[in-house]
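Colleague: Residues in the sequence shown are numbered from 112 upward in steps of one, following the working numbering.
C-beta atoms are modelled at their ideal positions from N, C-alpha and C, and glycine is treated no differently.
First the structure, then my questions, so here it is.
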Amino acid sequence: MAEAPLAAGIIAGQIYDRDASKKEEGCSLEIDSEEVQLPPVRRRRPVKRDYSIKEEMERQRIAEERRMQAASIYLKLQKARSTAIRGTQPISISKFEDFDFLAKYCIFSQEKLAEYKRAFEAVDSDEDGYLDCLEVLMALKEIVPPGALSDAEELYIYRILEIVDYYVTDGLTDLRLFAVMASLAQKIAALDSFMRSLIDHMDFKTLELKMYKAKQLFLCNIDSENKISVPQLLVELKAGGISREHEEAIQTELHHIKRLDILDFLTYLPLFVLIHKSVISNPLDDSRAI
Ligand SMILES: [Ca+2]
112 MAEAPLAAGI
122 IAGQIYDRDA
132 SKKEEGCSLE
142 IDSEEVQLPP
152 VRRRRPVKRD
162 YSIKEEMERQ
172 RIAEERRMQA
182 ASIYLKLQKA
192 RSTAIRGTQP
202 ISISKFEDFD
212 FLAKYCIFSQ
222 EKLAEYKRAF
232 EAVDSDEDGY
242 LDCLEVLMAL
252 KEIVPPGALS
262 DAEELYIYRI
272 LEIVDYYVTD
282 GLTDLRLFAV
292 MASLAQKIAA
302 LDSFMRSLID
312 HMDFKTLELK
322 MYKAKQLFLC
332 NIDSENKISV
342 PQLLVELKAG
352 GISREHEEAI
362 QTELHHIKRL
372 DILDFLTYLP
382 LFVLIHKSVI
392 SNPLDDSRAI
């Protein structure tokens, strides 16, 4: 699976920034310890202190901003959760293996898993291998830089997983479930503006109605490696009566992906839902366009 270049760029950028800030920290510590040993160099001290205080204040400001953003998303999720109709009791601990659909179809490379593990462990302060909902939201901010996703796009990540009955608000989340969300976050951050506008305006009521069909569309078309090729997807969608314009739109959007795994499929689901909606609403119109 070709990794999206934009996500890679963002991540690379983030690593760069982190390294740079580490270097600065290291640098200021060295100078401080020198100052302890050599007290006469007094006139430089206030300058250095101001600098590190400013840095520390900036770090605290960013951390506080992230906490506020996470709390705001958390409230929105809880609101959506309280209005959702569910037959089962809330789950206290969510383990990847308990979600057959994800466990069977989500496969991560060792590199990606190591990257997600670092973000996970940075937030798992009690080191029990689980994160609560707010911690998940905070850890995700280690994966994609602040501002890389709109609130609607971030909410999409959590809400799309309701397709497999996983609710991030319900309790504790393990590393592999976090990896699912982290991977979706990176894929969405790498989408073009058209796909992102679809996600930003996704109506979850419509999506809920299509969840079953979406699951079937995936399951009925996967190959032996549990992926769907773009030509196979087009065959299936054409059988449903999509127009030439829609076919071209899909080819354009998916030109960099040869085969979609489950996470690609969930990332592009709003496109398939849009096309399906359009086919239903204009069944006789040959000139329909996205
Ligand atoms: Ca924990």
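Where does Ile299 fall in DSSP's three states?
Modeller: Note: Ile299 maps to helix in three-state DSSP.
Colleague: When we look at the beta-carbon of Cys331 and count the other beta-carbons within 10 Å, is it buried (16 or more) or exposed?
Modeller: Flag for Cys331 reads exposed.
Colleague: Could you compute how far the alpha carbon of Asp243 sits from the alpha carbon of Thr280?
Modeller: Roughly 8 Å separates the two Cα atoms.
Colleague: Flag Leu242 as yes when its Cβ comes closer than 7 Å to any non-hydrogen atom of ligand 1, and as no otherwise.
Modeller: Correct: Leu242 has its Cβ closer than 7 Å to ligand 1.
Colleague: How should Ile373 be labelled, buried or exposed, when 16 other C-beta atoms within 10 angstroms of its C-beta is the threshold for buried?
Modeller: The residue is buried, with at least 16 neighbouring Cβ atoms inside 10 Å.
Colleague: Ile339 bridges to which residues according to DSSP?
Modeller: Note: Ile339 sits in a beta bridge opposite Leu371.
Colleague: Span of the alpha helix (DSSP H) holding Thr363?
Modeller: Looking at the DSSP string, the run of the alpha helix (DSSP H) that includes Thr363 is Arg355 to Glu364.
Colleague: For Leu318, tell me which candidate among Ala182, Tyr379 and Pro256 has the shortest Cα-Cα distance.
Modeller: If we check each option's Cα against that of Leu318, Tyr379 comes out closest.
Colleague: Helix or strand or just coil, what does DSSP make of Ile333?
Modeller: Coil at Ile333, not helix or strand.
Colleague: By how many angstroms is the C-alpha of Ile333 removed from the C-alpha of Arg307?
Modeller: Roughly 25 Å between the two C-alpha positions.
Colleague: Would you call the CB atoms of Tyr227 and Leu283 closer than 8 Å?
Modeller: No. Outside cutoff.
Colleague: Using a C-beta cutoff of 8 Å, does Ser220 count as contacting chain D?
Modeller: Among the chains in the structure shown there is no chain D, since it carries only a single protein chain.
Colleague: Return yes when at least one heavy atom of ligand 1 lies under 7 Å from the C-beta of Asp239, else no.
Modeller: True, at least one ligand heavy atom lies under 7 Å from that Cβ.
Colleague: State the CB to CB distance for the pair His357 and Ile386, rounded to an integer number of angstroms; the pair is presumed to be in contact (CB under 8 Å).
Modeller: Confirmed, Cβ separation roughly 5 Å.
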